[in-house]
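Okay, so here's the structure we're looking at.
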Amino acid sequence: MLAVNDVHVYYGTIAALRGVTVKVDEGEVVAVIGRNGAGKTTLIKAIMGLVNVVKGSVVFDGEDITGLPPWERAKLGLGYVPEGRRLFPYLTVEENLIVGAHNARSREEIKKRLEEVYSLFPRLRERRGQLARTLSGGEAQMLAIARSLMARPKLILMDEPSQGLAPIVVDEIFNKIMELKREGHSILLVEQNVKKALEVADRVYLLETGKIVIELPVEEAKNHPVIREVYLGAKQRYK
Amino acid sequence: MGALVEGLAHIISGLAVGSIYAAMALGLTLVYGLLKILHIAHAGVFVVGAYAAYIAYSATGNIAIAVLASIAATSVYGVILAKSIYLPLMDKPRHIPLMLSIAIYLLTEEVVANVFGHYPKGFRFHGFGGSLNWGVLRIDVTGLTAILVTLASTLALWLLLKRTRIGISSQALSQDMETAKALGVNVPRVVYINFALGSAFAGIAAIMYGLYYGSISPYMGDVVAYKALVVIVLGGFGSVMGALLGGLILGVAEELLTAYFSYILPREAYAFIVLIVLLILRPQGLLGRRV
Ligand SMILES: Nc1ncnc2c1ncn2[C@@H]1O[C@H](COP(=O)(O)OP(=O)(O)OP(=O)(O)O)[C@@H](O)[C@H]1O
Ligand SMILES: [Mg+2]
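Residue numbers (my numbering), protein chains in the order written: chain B, 1 to 239; chain Z, 1001 to 1291.
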């Protein structure tokens, strides 16, 4: 469904991605883990068309989208949940959702989709008329996810949904991600919170300074010595 | 009693002039909201609108055709500027499109001056004008029309931004362009629509200006342009209701200060006094960051 092939991205003369290859199949949840500055956000932006890919290609649904502007990629079915939420602060919750519904054909269609995301996130329904900037961190993250769902994307790109949230709220967000997975959504999840990422993922990539260094199914990743010791903390064990 | 009527008359003509400033400022504020640039060339669009109306009216004698010609010419010119200058320079530092914008304005003035002459041309629609008399109060029809047209078109624009999908997308784009793009907002399309609309406002403002002062000239944009800048600073950058309010306040304040204190300072100086005082009182503009 998505193939990122040998992608290189530079900021000025500094390489942020140095030949990254990542694949996501239909119905899969794939996690890309890595430390601060590893290039996770850059990878998502390269897929979305928000940074310039110097070398390599991005193929989505069999189509080479490397040269397409972001809005056309969105139209093809890429959903985007940006790092740090990036809500439209002076739009209401519902207006944020309406922006997300770029491919809805009619008002009825938008209504229908609003109902769907409100039933997945009932708290957003209560806050529908409120400005997005007044939401709590957890609510804001839910809105960022709900906003991407409004376009019924084929693949959702999520950039650190756990960022800056209290552990209990992180659990709540990941329960929702799990729910999306069970509904059959394909997700590419980028996370520093490795423990949570491994709870929902089918496959895992480890990104270090712009290069993929490990690619494994999730069960093997949990037992990989580097991931266990460096990313999960040496003593941590998984059942 | 006489003093009261006189004061009221000044307020009404202040509102009339202010609504011309407001109509100009609306276009600027739309563009500023989206692209974060001061669209100085908007004053050139204003001049083009005035001459388009002048030519169409001279040829046909029909007011509706003159208005349509002005709206058509300004929106096309605005979209051409967006396409050829602002969109290609979107990733450049903001002073680069600003400098080009100033250059385009001066160029437009000079081209119009060369084609139509440097001197003002009389501008009026036959059968339109005069005044309404209510007892001792006389109201100028042109001024009243300017006020009503600006109020109605601001309301329409505000509803468009609040209630339609293209309006909501425009707001999203102005708040976070990168995210809006990635969520499927077609940036060039939204920018063109905003330029077309904003420029049409300049066309309408130009006609109101021509009718109100009875003439147009290639340099008519100079004063109006910097006043419109004052207005969007007053109203809060990117705010539609702020532009309306700012325009009306500036017009009235200028009119009253000139009427009663013209021996101290010229009219144009008062615009900046109003700006400075309001910025001290409300540095974020009248309405801050709202539509
Ligand atoms: N706009 C930019 N200009 C210059 N360098 C940048 C820019 N954005 C990112 N970088 C650099 O590129 C590298 C990768 O950044 P990126 O944001 O992709 O990392 P990340 O894995 O998402 O980090 P985090 O976990 O902190 O979000 C970092 O070294 C960062 O400093
Ligand atoms: Mg990041």
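Glycine included, C-beta positions come from ideal geometry on N, C-alpha and C.
- Annotation: B/Asp-159 to B/Arg-133 spans about 19 Å, alpha carbon to alpha carbon.
- The way I'd put it, the region 1265-1285 of chain Z does touch the region 1230-1243 of chain Z; three or more beta-carbon pairs between them come closer than 8 Å.
- Boundaries of the alpha helix (DSSP H) harbouring Z/Asn-1114: 1095-1116, taken from the DSSP string.
- Of the residues B/Glu-72, B/Leu-216, B/Lys-111 and B/Gly-84, the one whose Cα lies closest to the Cα of B/Ile-98 is B/Lys-111.
- Annotated as proximal: Z/Val-1079 and Z/Tyr-1192, with beta-carbon spacing under 7 Å.
- Selection Z/Tyr-1226, Z/Ala-1056, Z/Thr-1150 and Z/Trp-1134 evaluated against Z/His-1042 yields Z/Tyr-1226 as nearest (Cα-Cα).
- Below the 7 Å Cβ cutoff, chain B contributes no neighbours of Z/Lys-1036, its closest Cβ being approximately 15 Å away.
- Z/Arg-1138 is bridged by DSSP to Z/Asn-1133.
- Going by DSSP, B/Ser-186 is part of the beta strand (DSSP E) stretching over 186-191.
- Taken atom to atom, the span from the alpha-carbon of B/Ile-168 to that of B/Val-4 is near 33 Å.
- At a cut-off of 7 Å between C-beta atoms, B/Gly-67 does not count as an interface residue with respect to chain Z.
- Taking a 10 Å sphere around the C-beta of B/His-185, we find 16 or more other C-beta atoms and assign the residue as buried.
- In this structure, the C-beta of B/Ala-16 approaches ligand 1 to less than 6 Å from one of its heavy atoms.
- Around the C-beta of B/Arg-86, 16 or more other C-beta atoms lie within 10 Å, and the residue is accordingly described as buried.
- Between B/Asn-103 and Z/Gly-1184 the beta-carbon gap is near 7 Å, inside 8 Å, which marks them as a contact.
- Membership of Z/Lys-1227 in the alpha helix (DSSP H) is indicated by the continuous run 1221-1235.
- Annotation: B/Met-142 to B/Asn-175 spans about 11 Å, alpha carbon to alpha carbon.
- Separation of Z/Ala-1059 and Z/Ser-1239 (C-alpha to C-alpha, rounded to the nearest whole angstrom) is 38 Å.
- With a contact defined as Cβ atoms closer than 8 Å, Z/Leu-1106 and Z/Ile-1096 miss out at about 16 Å.
- Nearest C-alpha to B/Glu-183 among B/Gly-210, B/Leu-149 and B/Glu-215: B/Leu-149.
- Listed as beta-bridge partners of B/Leu-155 by DSSP are B/Leu-78 and B/Ser-186.
- Nearest in C-alpha terms to B/Gly-39, of all of B/Ile-227, B/Val-218, B/Val-213 and B/Glu-229, is B/Val-213.
- About 5 Å separates the beta carbon of B/Val-93 from that of B/Arg-127, a gap short enough to meet the 8 Å contact definition.
- Three or more Cβ pairs drawn from the region 1202-1209 of chain Z and the region 1041-1057 of chain Z lie within less than 8 Å of each other, which places the two stretches in contact.
- Each residue's CA atom was taken as its position, placing B/Val-59 and Z/Thr-1179 some 21 Å apart.
- Under the 7 Å criterion on CB atoms, B/Ala-166 is classed as non-interfacial with respect to chain Z.
- Here B/Glu-160 carries a coil assignment [DSSP, helix/strand/coil].
- Around the beta carbon of B/Ile-33, 16 or more other beta carbons lie within 10 angstroms, which makes this residue buried.
- Residues of the region 97-128 of chain B with a C-beta atom less than 7 Å from some C-beta of chain Z are Ile-98, Val-99, Gly-100, His-102 and Asn-103, listed in chain order.
- Counting C-beta pairs with one atom in each stretch, the region 1008-1019 of chain Z and the region 1252-1263 of chain Z have three or more that are closer than 8 Å, which means they touch.
- Of all residues in the region 72-86 of chain B, the ones placed with a Cβ closer than 7 Å to any Cβ belonging to chain Z are Ala-74, Lys-75, Tyr-80, Pro-82 and Arg-86, in chain order.
- Within the region 1030-1067 of chain Z, no complete beta strand (DSSP E) segment of 3 residues or longer occurs.
- Under the Cβ criterion (8 Å, minimum of three pairs), the region 1205-1218 of chain Z counts as touching the region 1113-1128 of chain Z.
- Contact between Z/Leu-1026 and Z/His-1039 does not hold, since their C-beta atoms are separated by about 12 Å, which reaches or exceeds 8 Å.
- Under the three-state reduction of DSSP, B/Glu-83 is assigned to coil, being neither helix nor strand.
- Leaving aside the five residues that flank Z/Gly-1198 on each side, the residues in its chain whose CB is nearer than 6 Å to its CB run, in chain order, Gly-1027, Leu-1030 and Val-1031.
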